[in-house]
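Chains as they are written, first to last, in my numbering: chain Y, 1 to 559; chain Z, 560 to 1118. Built from N, CA and C at the ideal position, the CB exists for glycine as well. These numbers come from a predicted model, not from an experiment. Heads up, the thing below is written out as structure tokens.
Protein chains: 2
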Amino acid sequence: MCKGPKQVLILGGGFAGVYTARYLAKLLRPDEASITLINRENYWVYQPMLPEVISGSIGLTNVVSPIRRLCPRSNLIMREVENIDLKGQIVTVSPGFRPRQLQLKYDHLVIALGNITNFHGMPGLIENAMPFRTLADAMVLRNHVIHALEEADVEEDPELRRRLLTFVVGGGGFSGVEVMAELNDFVRSVKRNYLRLRDEPHRCVIVQAGDRILPEMSEPLAMFAQRILRERGIDIILNDRLKAATSERAILQSGAEIPCKTLISTVPSALPQAVQKLDCSKERGKLLVNAHLELKDYEGKVWALGDCACITTAAGTKVPPTAQHAIREAITAAINIAAAVRGGNQAEFNFEGLGTLGSLGHGAAVAQIGSVTVSGLLAWLLWRGVYLMKMPGLNRKIRIAADWLRHLLFPPELAQTKVAFDSGIHNQHFEPGDIIFEQGDLGDSVYVIEEGECEVLCKRKGQRELLATLSGGECFGEMALLSHRTRNATIRARTAMNVLIIPKGDFDKLRQSVPIFGDVFTELAQRRAEAGSPHSSVDPGMPTGGSRGNSNEAVLFRR
Amino acid sequence: MCKGPKQVLILGGGFAGVYTARYLAKLLRPDEASITLINRENYWVYQPMLPEVISGSIGLTNVVSPIRRLCPRSNLIMREVENIDLKGQIVTVSPGFRPRQLQLKYDHLVIALGNITNFHGMPGLIENAMPFRTLADAMVLRNHVIHALEEADVEEDPELRRRLLTFVVGGGGFSGVEVMAELNDFVRSVKRNYLRLRDEPHRCVIVQAGDRILPEMSEPLAMFAQRILRERGIDIILNDRLKAATSERAILQSGAEIPCKTLISTVPSALPQAVQKLDCSKERGKLLVNAHLELKDYEGKVWALGDCACITTAAGTKVPPTAQHAIREAITAAINIAAAVRGGNQAEFNFEGLGTLGSLGHGAAVAQIGSVTVSGLLAWLLWRGVYLMKMPGLNRKIRIAADWLRHLLFPPELAQTKVAFDSGIHNQHFEPGDIIFEQGDLGDSVYVIEEGECEVLCKRKGQRELLATLSGGECFGEMALLSHRTRNATIRARTAMNVLIIPKGDFDKLRQSVPIFGDVFTELAQRRAEAGSPHSSVDPGMPTGGSRGNSNEAVLFRR
């Protein structure tokens, strides 16, 4: 009946997607099914070991595995899924080197796109909180921490040094706890290489919304974990959560503030755009599937699994988003796809979990297998043993074991593997009272206010004078860039503010190529200098109108 | 007489700088000298092994060594040197997290800033040619090559696939040869993991200005190397050099063009800005020093060594820029600084080199020690042995040996460790005839012409019609972005062009925050749409004036 192999399309290269592709390759011959997997990376991340990248106890690329080697029978397309047309059976993916989308027709579809971190409605988090999901996230965090240590070593201001040595994670589940445990181990062990930091304390903080960490585990184990982490110097703040952030501090729901330069957040998560756009049965946004993991109304065509699916076992429990479950879901889906392609029995998903394991940093972990609980060094050895065995491929197993051995014998890796410093045009959030820049600073960026108000302050004869108030639509900081001088006023946020920051490099490029863009700022700077002739050396916000941006230059930036 | 330790400042963390710091720490006690080293990275790169990062035969961070561990007595400042004031004895370094420069006073200064790659006067090279000096360069290149392979695997157009599989390096010295040999090995071995590339040929090209590669070696050895490389499938183009480049091809002096998506250049080099600005005795830009490696007029105060110094031995030979020489220069400088600090005999630099070694990829190398030449596998084992021994620290030696062993047993690493895709506002160069974008493409950027002319072409009833010619100061591509449609015209370069590319993300941010910026483009798009009502669906460059940018919208972008 059918001519040529069926097109099976798998979206997502996490545990669920990759294992579906692997099992399918065993169940179906190449002439029965052509398997294509779409993932934005060409590697699969071994999530349980990702935190170890921070301390370098596992080499950067050993914690991931190339999908092409894991799934040699699958075509891999390294692009982003942009749209799923369930009715037309077409998936659209993002463009590559050429600005053209790619459309892929399928006979059978597996949606395993996982979830994403979403800071919507939390001011400043998108700009300042680092997620921790991908290898890139882990590398960025590692490089950021090293950068903070390098700067702390040079910094004379004790207050800023303290901030550089404070590390905060939002979320006290497995992910948050493991990240902070590793980070703490790393900072503690490399600090001795920094001549001026050796005797300086550092601070690691976990902020958890519930009344204990590790909600995935039983209370006694969580209590044990809390005690171990606290003994190792980690602060645990309970019954509170991240509310907002600036580049200088984390702000909690309770109103408490933690001055810090490093903020990680493992919560909250949302579904990927392509899943959000899908018009089908859902439960709290997740794709609702039956016992065969099929999407309602698309039985035999579409399966959903992993973190983006809402799965209920026969016993009625909601399946948690863990690797062990994802792998079993993949087996079920693969069997059912094979059945759809060439007939045969369908399988039902029915797996209640083997137990939970969480690392607390070097030499300590907690484990719960059925009603048996293990903690401490034994649990840690169990953790390492289990996850090493689960890592597919002898090559990786040997590499990781070698890395662990090396980590026991030698101090951790300290080289910063950053690729680029420059962040380009970006947004930033400030809270009331924050200093945006200080008189005497170098002019490195122009700022455009999107929301909120700030004050222009100038120190004269030892006194701080308020020169003007700027608000939404106005800009500041252009003068130092145009005149190549240092800032001659201080800018302080009066309310919460969102600004667009245009770094000097981008500002100069735009000014050169789009003269009108530069003219706007040049005129503004001139008018400000003239209007402010008594204090003509002051950089931004000359008080033409005195306050509140009724001045001409403000109009320029308003619709 | 002197109170407190003398301040010794070392600029640059290459072989010369790091080894000076290491020897100085042995010669002077902490109460005699406080040593500070300034480098933009916190690690020292073991240059000879850097090409092996491409194939992953050495792990990413094993080819570098943290300076803090190499020089535990030195303060490291991870910043860029911006200015050297020889008279005032002050060095200014770039700002860190805070926008403030740091000024450092010194008693004794070592300038070992090396050299940089400089593509001045070579159109399009700065935008498209990748340098190969730092760990970041190596990572960028590796990720770029993997990206090209991933895209080639998906690409249907055979011409573009060929371009994605062509890799060109400008410069046939050690550096260029070793990079291309490694890259060729890597591509050859991972291609089998790409289902559609297995039988597809790839092309590696070395472009060398002289009439043979490896000018550092004797002719017979270079001839041997050329034969080996050619046997391994590498094209060697002699007596030619890179002249220009676009994102699609390399253009040579002879007029020959090589369509390619990967272009590396190891030539030409220039001196860092801070050295260029120095007002002192120089020879061809390099700092002229005496036999004690002291800078003229600053004897006992300032030493210059490494690639930024012009050093002549007693025998009258100019010292080549190699690691073995830099290490001996560092010893000489350290002895002389110690002599300046507490008296004693000065040393003269007198080292004529031990020989040269160059790798030709897996299992082959060339070596020349005095009048003895070795080539092939024996030279390769010698290469590995010598450089492994030279790597400081047992930790690194073990790691590298383990990496090599792993590389013999397992296939190379394939995971792409990219951190970010987005390049922000950037420049690009096009040559006559180049298509900038094609009708039907997605609108991903706005273009502003800085120099040159392009044609707006539209396909109608199967025919390509010339709608307008745009030139310097004009922009195009805004319409698809504003209307969220695909490009409805093709843009082709008429002359060589330099453009500023504003990606959609940046364009949208600017438009939102600086309304006048968006207004300019919106008005332009409207006027173009109205003026071009007969072909109102055409995107850019509506022929208001017909040609040559006398149109109103052009004026908007001109001073």
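- Does the count of Cβ pairs from the segment 243-262 of chain Y and the segment 164-172 of chain Y closer than 8 angstroms reach three? yes
Q) Is any beta-carbon of chain Y found at less than 9 angstroms from that of residue 706/Z? A) yes
- Query: Three-state secondary structure (DSSP) at residue 34/Y?
  - Reply: strand
Please go through the same chain and pick out, in chain order, the residues whose beta-carbon is closer than 6 angstroms to the beta-carbon of residue 204/Y, but skip the five residues on each side of it.
167, 180, 184, 234
Item to complete: Measure the alpha-carbon distance for residue 565/Z versus residue 593/Z and round it to whole angstroms.
Response: 6 angstroms
Kindly say whether residue 561/Y, judged by its beta-carbon, lies nearer than 9 angstroms to any beta-carbon of chain Z.
Nothing about residue 561/Y can be read from this structure; chain Y reaches only from 1 to 559.
Worksheet item: Out of curiosity, what's the CA-to-CA distance linking residue 1053/Z and residue 983/Z?
Response: 26 angstroms
Beta-bridge pairing of residue 235/Y - partner residues as DSSP gives them
205/Y
### Query
Of all the residues that make up the segment 466-496 of chain Y, which are near chain Z by a beta-carbon distance shorter than 7 angstroms?
none
* Under 9 angstroms between the Cβ atoms of residue 115/Y and residue 78/Y? -> no
Next on the checklist: Counting only beta-carbon separations shorter than 9 angstroms, does residue 352/Y have a partner in chain Z?
Outcome noted: no
* Asked: So which residues on chain Z does residue 96/Y lean against when the C-beta distance must stay under 7 angstroms?
  -> 710, 713
Closer than 9 angstroms to chain Z by CB, residue 189/Y = no
Practice prompt. Sort out for me which residues DSSP pairs residue 410/Y with in a bridge.
Written response: For residue 410/Y, which the question treats as bridged, DSSP gives no partner whatsoever.
Would you tell me roughly how many angstroms separate the C-alpha atoms of residue 192/Y and residue 198/Y, rounded to the nearest one? 5 angstroms
task: Establish whether the CB of residue 160/Y and some CB of chain Z are separated by less than 9 angstroms.
output: yes
request  = At 3 residues or longer, and completely inside the segment 39-127 of chain Y: list those beta strand (DSSP E) runs for me, N to C.
outcome  = 43-45, 64-66, 75-77, 81-85, 90-93, 102-105, 108-111
Using only CA atoms, which one of 505/Y, 457/Y, 447/Y, 442/Y lies nearest to residue 658/Z?
442/Y
Taking the DSSP output, what are the residues bridged to residue 918/Z? 924/Z
Legend entry - Local conformation of residue 533/Y per DSSP, three classes: Low local confidence applies: a pLDDT of 41 at residue 533/Y is under 50, so the model's placement there is unreliable, and no value is given.
Which whole-angstrom value describes the C-beta separation of residue 586/Z and residue 567/Z, a residue pair presumed to lie in contact below a C-beta threshold of 8 angstroms? Their Cβ separation, rounded to whole angstroms, is 11 angstroms, which puts residue 586/Z and residue 567/Z out of contact at 8 angstroms.
Cα separation between residue 383/Y and residue 651/Z? 50 angstroms
Worksheet item: Mind checking whether residue 588/Y and residue 507/Y have CB atoms under 9 angstroms apart?
Response: No information on residue 588/Y is available, as it lies outside the stretch 1 to 559 that chain Y covers here.
Is residue 556/Y helix, strand or coil when you go by DSSP?
-> Note on residue 556/Y: pLDDT 37, under 50, position unreliable in the model; no value is reported.
Run the CB neighbour count on residue 853/Z, radius 10 Å, all protein chains shown included, and call it buried at 16 or more, exposed below. buried
Checklist entry - Taking C-alpha atoms, which residue in 680/Z, 975/Z, 931/Z lies nearest to residue 136/Y? => result 975/Z
| Using the beta-carbon of each residue, which ones in chain Z are nearer than 8 angstroms to residue 194/Y? | 627
Is residue 307/Y near residue 265/Y, with beta carbons less than 9 angstroms apart? no
Identify which residue in 951/Z, 1023/Z, 962/Z has its Cα closest to the Cα of residue 624/Z.
-> 951/Z
task: Take residue 48/Y and list the residues in its own chain whose beta-carbon comes closer than 6 angstroms to its own, dropping the five residues that flank it on each side.
output: 387
Item checked: Nearest to residue 604/Z (by Cα), restricted to the options 875/Z, 633/Z, 882/Z -> 882/Z
- prompt: Is there at least one Cβ from chain Z nearer than 9 angstroms to residue 443/Y's Cβ?
  reply: yes
* Would you say residue 13/Y and residue 110/Y are within 9 angstroms of each other, going by their C-beta atoms? -> no
Would the beta-carbon of residue 691/Z fall within 9 angstroms of that of residue 773/Z?
no
What's the C-alpha gap between residue 19/Y and residue 789/Z? 42 angstroms
query = Do residue 74/Y and residue 84/Y have their C-beta atoms closer together than 9 angstroms?
reply = no
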